[in-house]
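Protein chains in written order, with my numbering: chain A, 1 to 320; chain B, 1001 to 1320; chain C, 2001 to 2320; chain D, 3001 to 3320.
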């Protein structure tokens, strides 16, 4: 039995590796405006001001940059059990964990690309106390008025040698639908955008142009409330010596208004706004882009910078 | 068997009655920037530039303003059949229709408040031709660059004498979840906001303060891409003699940045932007607002104008 | 010899009295995002990130809120001498000062309304050092990325029992032109907006509705870069318990997009954006507004809140 | 006697040559949202909605694209006489004209770069009638709600073989001050930005990289009210097949948020917003940029596209 589109509620959290834990933490708190939920010996747990869970980002000290794992929150415990049972029958299965700070038991497995993935349902919802409380009951915590004021985790972009097998496993065993995709003339898929709710994507998988690399991260994205705030984020990056790789500009694919930064540990981080775009159509037809269309550049004509195609974490030289 | 939260995909369309069909049509095309899909003897069918269906608004000539019917698109034909079967067993059932321009068969019924409602799945997806096509494949049609440039139908707000029975019928027979609600000290619910997808609401039901009125419309809302565009909409309304009832301002409930206008037929129309807010939590806990909290006014302190509590369509004097 | 329109370069600084110096300082630094230039026993000197002088705001501890003095920077030392000579011949003259932190000698006088005013030319231009430097040479200091990120002092609004005599003295002895004015049916002027450069106003004088009060401050305004940032300022005020008197909304007079706050000392502070409006016409014809026109409310219809007409600092009860 | 900084009020109008008068007119009316003031056999006169004069753009049919002339409005008739007298004594003098549609007598001359320039004072202020009137008395005409909604002429950028002699003539005989400049290591100035009021620039002169070309236009700029509207302008250009050369992005020089388009006749047109930046300091110190600094690209790192350095109108091939 294949997964249904609606089994997964949303991307839950991402564990990001960094060789510079302290500087990366400062980047996410002072520059992005995120809050620290907890700290352990090796990790710092963070959330954006309207993330409703304990954390959406776990920064873990590591010898190199990259991704530790990422997690999907499913819609119910029943779905968790069913999906775990289904994945258990595959060679990709790892097994149950007892959970982590902020969430209960999870079922872990590896995507065909090597990325460590988990699904979970039980979670600790963040309860703001004292000065952290928002004046509005429907906001998870106070608007920070600090740095870029990111609102919530938006999506993750991973790299894979073989986008096709990632895509198959995702659709059959994990869930979601493909809203947009890049296809070569011979039919090979080299990029796919998965949506699990009304957002137009929650995970993107694109081809790794560095041979033999496994399990690489392209970027993690946090959403801000307007395109103007993406522009302000660019001003803030400029003023604080944060490397701007490209942007602000508008993607042709998915229309996202983007800004790509490198955090001090070397990982790419995107600040984005999707305007009022949602994909509400339950039988949305996947949009296909050809490589030729991609060569036109971004929506307004910006040529994609070369590093955008090659930089991922870890870098090849990190692994020697 | 009760409905699940996820049976409905989204609000499909609204039929708005207007005693001034021509002027109302001009309002939605020239001021809001919508496109006409079709016209019949009594009705004009319209869509915003990124509405993916044939229409989201059907303007129908009528002796007075108000709402003809509104429609939910469900996630599949199976769900349509099941849900119709369930509703058929209630006194609210009306029965199947053969559809209308732009969509296939629908099942109609009345909400306890008297509102004519339908559910459907088969739909005609809009295919832009020629100059109506967007330069971006993932946009339903060209950004109009005319008037307020509304992007998509967002939600509807109805009035009911008894919010509680509306709410029960909605949750049990139709679908969705309540994200926010207004409750009197004695526990009576006087306002409820229903969400059927990742948006924080798709339908609001609030108490009709005019006794004995049934089946009234409070407003229909179209979304624009930014709060700045809501401000531009206010400038455009001012310049074109459109009555601004209140706003732009930010709702405390749901945080929507709003502008309320009266279209020439007398119906209230909202132009809104929700920033990057989404409700992704699958077991979101409903937020309760007391009347005392409501008395504080809108988010930034604006006092709600009296007409906002009393004006609905049709007006009592329309029915004499 | 009357003053010419172009003698004055711009509003230089405002000395604001506050009974709560520490809290007021926190408001201007943490909430507005301003920088401290200097502190003395009784005063704190502040500037917005793109104010080019040593300070534009001097907060001075005082038994009550209100305005100490305000200053115009003139275009040259020659103009300073001429203008001082001219004013010296009036009963309003006070005389030369040796200057203050941040600026050289100034000539002081009282406006007919009692407000202590000074003109000066020699000034200490702010030189950002180290981390305070902007990445862009053409910005006075680093974009703060803290709170409301106000950019520069914009204007001041004073109250007078007799707007007409204030206006005459300003035009004849000080400088500038009147861009907009409110006139009663009998011809009495009850509000006037003076511009001394391409901005549409730098000082507003409006009638004090509290009898017998002299020398009162209505508000001081700092500019932000967009209307969206005024909305963000409202969000920040809400989250930090800052009293929002009215707004955000658009003034009919001068079109300014405004937000009125009370700082902890009790003075009204406006956060504003003027979009791309400038008055470049050298023989601009003053625009007259009648009281009837004013009764329509602000641009988009917001009714002016009563306190806006009565609250000024000091308050009558402060003076007993 | 040299000119003073304040003799000129503002850039008055630009005459743009186009080989495609009809298409260029459609571009400025339908895409930019400008209004037609008058039409003659060979020319169309246009203004943006808040331009206060009869026109700021005169489109003239011509065998190739380029600039016919541009005009400065001076602050008074006295200044006009004085300045004309001074220029008359130079080899650059041409002489008095009887004016044109929309303005009275002007004095014409050639800048050392060959550009035909005029100064004038008498002007016909635009008086909106009927539906063209704005709801706000302080706006020259109705906000168009069409296309890019440009507000006012902002500045012009010309090309010269010798920037230094242009600069000398401008400062000595015409007026204004230099706010920013690009200087080679050997001291040669290759770009200069002149300001004549509180705007940070009204005319830019940059080096023509095509040898032997005279009298070329780099671009004409219209201002919109926010950076968000520059982004909307990019969306509109994309949807309407208008060539986007580069942007939206932020200039390091002058900080302008820009979008460069080619109008159908081949001339470059900029849509820009300057946020709340003004240069109010009467003794502002010119900012110098080195070529090395320029190589860093625009403010957020965008590399300048090659055509930006070479494309000007007329093009060399137009003149054969």
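Beta carbons: idealized from backbone N, C-alpha and C, even for Gly. Model, not experiment: these values are computed from the prediction.
Next on the checklist: What I want to know is whether the C-beta of residue 286 (chain A) ends up closer than 7 Å to one or more non-hydrogen atoms of the ligand COA.
Outcome noted: The ligand COA is not part of the structure shown, which contains no ligands of any sort.
Checklist entry - Listed in chain order, which residues of the segment 1131-1157 of chain B have Cβ atoms closer than 7 Å to some Cβ of chain D? => result Correct list: 1134, 1135, 1142, 1143, 1145, 1146, 1147.
Next on the checklist: Could you tell me which whole alpha helix (DSSP H) segments of length 4 or greater appear in the segment 3020-3095 of chain D?
Outcome noted: Entirely contained in the segment 3020-3095 of chain D, the alpha helix (DSSP H) runs reaching 4 residues are, in chain order, 3021-3026, 3077-3088.
Checklist entry - In chain B, which residues lie with their C-beta within 7 Å of the C-beta of residue 6 (chain A)? => result Indexing the first chain from 1 puts residue 6 (chain A) at position 6. The answer, in chain order, is 1006.
Item to check | Host alpha helix (DSSP H) of residue 299 (chain A) (start-end) | outcome: Your numbering for residue 299 (chain A) matches position 299 in the first chain. Segment: none, residue 299 (chain A) is in no alpha helix (DSSP H) and carries neither H nor E.
Checklist entry - What are the residues of the segment 227-238 of chain A that lie near chain C, defined by any Cβ-Cβ distance shorter than 7 Å? => result Within the segment 227-238 of chain A, the residues whose Cβ lies closer than 7 Å to some Cβ of chain C are 228, 235, 236, 238, listed in chain order.
Checklist entry - Hey, is residue 2266 (chain C)'s beta-carbon within less than 8 Å of any beta-carbon in chain B? => result Position 266 of the third chain, counted from the first residue, corresponds to residue 2266 (chain C). For residue 2266 (chain C), the closest Cβ of chain B is not nearer than 8 Å.
Checklist entry - For a contact meaning CB atoms closer than 7 Å, what does residue 244 (chain A) contact in chain B? => result Counting from one through the first chain, the residue named residue 244 (chain A) turns up at place 244. None at all; the shortest Cβ gap to chain B is about 21 Å.
Item to check | Contact set for residue 2231 (chain C): own chain, Cβ-Cβ below 7 Å, skip 5 residues either direction | outcome: For the purposes of this step, residue 2231 (chain C) is taken as residue 231 along the third chain, with counting starting at 1. So the list reads 2248, once near-sequence residues are dropped.
Checklist entry - Looking only at DSSP bridge pairs, what is residue 191 (chain A) linked to? => result Within the first chain, the letter at position 191 stands for residue 191 (chain A). A:182, A:206, per the DSSP bridge assignment.
Next on the checklist: Measuring CB atoms only, is the segment 1177-1186 of chain B touching the segment 1127-1137 of chain B, in the sense that at least three cross pairs come out at less than 8 Å?
Outcome noted: The segment 1177-1186 of chain B vs the segment 1127-1137 of chain B: no contact.
Checklist entry - Rounded C-beta distance between residue 157 (chain A) and residue 218 (chain A)? I'm assuming under 8 Å. => result In the first chain, counting from the first residue as 1, residue 157 (chain A) sits at position 157. In the first chain, counting from the first residue as 1, residue 218 (chain A) sits at position 218. Yes, they are in contact, since the Cβ atoms of residue 157 (chain A) and residue 218 (chain A) sit about 4 Å apart, within 8 Å.
Checklist entry - Under 9 Å Cβ-Cβ, which residues of chain C neighbour residue 3281 (chain D)? => result For the purposes of this step, residue 3281 (chain D) is taken as residue 281 along the fourth chain, with counting starting at 1. When 9 Å is used as the limit between beta carbons, residue 3281 (chain D) is near these residues of chain C: 2009, 2010, 2052, 2053, 2073, 2123, 2125, in chain order.
Checklist entry - What does a CB cutoff of less than 6 Å around residue 2237 (chain C) pick up in its chain, not counting 5 residues either side in sequence? => result Mapped onto the third chain, residue 2237 (chain C) falls at position 237. Shown here for residue 2237 (chain C): same chain residues with a beta carbon closer than 6 Å to its own, the five before and five after excluded, namely 2244, 2261 in chain order.
Next on the checklist: So, at 8 Å on beta carbons, what are the nonlocal neighbours of residue 299 (chain A) in its own chain, with the 5 sequence-adjacent residues on each side left out?
Outcome noted: The residue labelled residue 299 (chain A) in the question sits at position 299 within the first chain. Take residue 299 (chain A), set aside five residues on each side of it, and the residues of its chain with a beta-carbon closer than 8 Å to its own are 249, 250, 251, 252, 255, in chain order.
Checklist entry - In chain D, which residues lie with their C-beta within 7 Å of the C-beta of residue 2287 (chain C)? => result Taking the first residue of the third chain as 1, we reach residue 2287 (chain C) at position 287. The answer, in chain order, is 3137, 3138.
Item to check | Extent of the continuous beta strand (DSSP E) to which residue 2269 (chain C) belongs | outcome: For the purposes of this step, residue 2269 (chain C) is taken as residue 269 along the third chain, with counting starting at 1. Per DSSP, residue 2269 (chain C) is one residue of the beta strand (DSSP E) stretching across 2268-2273.
Item to check | Proximal residues of chain A, C-beta to C-beta of residue 1215 (chain B) below 9 Å | outcome: Numbered from 1 along the second chain, position 215 holds the residue referred to as residue 1215 (chain B). Those within 9 Å of residue 1215 (chain B) in chain A number zero; the least Cβ separation is about 26 Å.
Checklist entry - Whose CA, out of A:286, A:12, A:270, lies closest to the CA of residue 121 (chain A)? => result Locating residue 121 (chain A) in the first chain gives position 121, where the first residue counts as 1. Residue nearest to residue 121 (chain A) within the set A:286, A:12, A:270 is A:12 (criterion: CA-CA distance).
Checklist entry - Can you tell me the Cα-Cα spacing of residue 165 (chain A) and residue 3268 (chain D), whole angstroms? => result Position 165 of the first chain holds residue 165 (chain A). Position 268 of the fourth chain holds residue 3268 (chain D). The alpha-carbon of residue 165 (chain A) is positioned some 47 Å away from that of residue 3268 (chain D).
Checklist entry - How close, in whole Å, do the beta carbons of residue 2123 (chain C) and residue 2053 (chain C) come, if the pair is a contact with beta carbons under 8 Å? => result For this step, residue 2123 (chain C) is matched to residue 123 along the third chain. For this step, residue 2053 (chain C) is matched to residue 53 along the third chain. Right, their Cβ atoms sit about 5 Å apart.
Checklist entry - Which term fits residue 85 (chain A), buried or exposed, when burial requires 16 or more other beta carbons within 10 angstroms of its beta carbon? => result Sequence index remark: in the first chain, residue 85 (chain A) carries index 85 (1-based). Classification for residue 85 (chain A): exposed.
Next on the checklist: Just to confirm my understanding: we take residue 3215 (chain D), look at its own chain, exclude 5 residues before and 5 after, and list those with CB closer than 6 Å. What are they?
Outcome noted: Indexing the fourth chain from 1 puts residue 3215 (chain D) at position 215. Here the set comprises 3114, 3115.
Item to check | Straight-line Cα distance separating residue 3296 (chain D) from residue 2010 (chain C) | outcome: By one-based count along the third chain, residue 2010 (chain C) stands at place 10. By one-based count along the fourth chain, residue 3296 (chain D) stands at place 296. Each residue's Cα considered, the two are about 34 Å apart.
Checklist entry - Of all the residues that make up the segment 295-317 of chain A, which are near chain D by a beta-carbon distance shorter than 8 Å? => result Cβ proximity to chain D below 8 Å picks out 299, 300, 301, 302 from the segment 295-317 of chain A.
Checklist entry - Looking at the C-beta of residue 224 (chain A), does it have a partner C-beta in chain B at a distance below 8 Å? => result Mapped onto the first chain, residue 224 (chain A) falls at position 224. Residue 224 (chain A) counts as touching chain B.
Item to check | Interface partners of residue 3112 (chain D) on chain A, CB under 7 Å | outcome: Numbered from 1 along the fourth chain, position 112 holds the residue referred to as residue 3112 (chain D). For the C-beta of residue 3112 (chain D), not a single chain A residue is nearer than 7 Å; the gap to the nearest is close to 35 Å.
Checklist entry - By a C-beta neighbour count over all protein chains shown, 10 Å radius and 16 as the cutoff for buried, is residue 2076 (chain C) buried or exposed? => result Position 76 of the third chain, counted from the start, is the residue given in the question as residue 2076 (chain C). Counting Cβ neighbours within 10 Å, residue 2076 (chain C) comes out exposed, since fewer than 16 surround it.
Checklist entry - Which first and last residues belong to the alpha helix (DSSP H) in which residue 1229 (chain B) is found? => result Taking the second chain and counting its residues from 1, the one referred to as residue 1229 (chain B) is at position 229. Counting along the chain, the alpha helix (DSSP H) containing residue 1229 (chain B) begins and ends at 1227-1239.
Checklist entry - So is residue 2014 (chain C) in contact with chain D if we call contact Cβ pairs under 8 Å? => result The sequence position of residue 2014 (chain C) within the third chain is 14, counting from 1. No, no contact with chain D.
Checklist entry - Between the segment 3158-3191 of chain D and chain C, which residues of the former have CB atoms less than 7 Å from a CB of the latter, in chain order? => result If you check each beta-carbon in the segment 3158-3191 of chain D against every beta-carbon of chain C, the ones closer than 7 Å belong to 3180.
Checklist entry - Can you tell me the Cα-Cα spacing of residue 2257 (chain C) and residue 92 (chain A), whole angstroms? => result In the third chain, residue 2257 (chain C) corresponds to position 257, counting from 1. In the first chain, residue 92 (chain A) corresponds to position 92, counting from 1. Distance between the alpha carbons of residue 2257 (chain C) and residue 92 (chain A): 57 Å.
Checklist entry - If we cut at 8 Å on Cβ distances, does residue 1207 (chain B) have a partner in chain A? => result What you label residue 1207 (chain B) is simply residue 207 of the second chain in a count that begins at 1. Residue-level contact by beta carbon fails for residue 1207 (chain B) and chain A, as no gap is shorter than 8 Å.
Next on the checklist: Buried or exposed for residue 3229 (chain D), going by 16 or more other Cβ atoms inside 10 Å?
Outcome noted: For the purposes of this step, residue 3229 (chain D) is identified with residue 229 of the fourth chain, where counting begins at 1. It is buried - the Cβ of residue 3229 (chain D) has at least 16 other Cβ atoms within 10 Å.
Checklist entry - According to the neighbour-count rule (16 or more other Cβ atoms, all chains shown, within 10 Å of its Cβ), is residue 2137 (chain C) buried or exposed? => result Mapped onto the third chain, residue 2137 (chain C) falls at position 137. The residue in question, residue 2137 (chain C), is exposed, as its Cβ has fewer than 16 Cβ neighbours within 10 Å.
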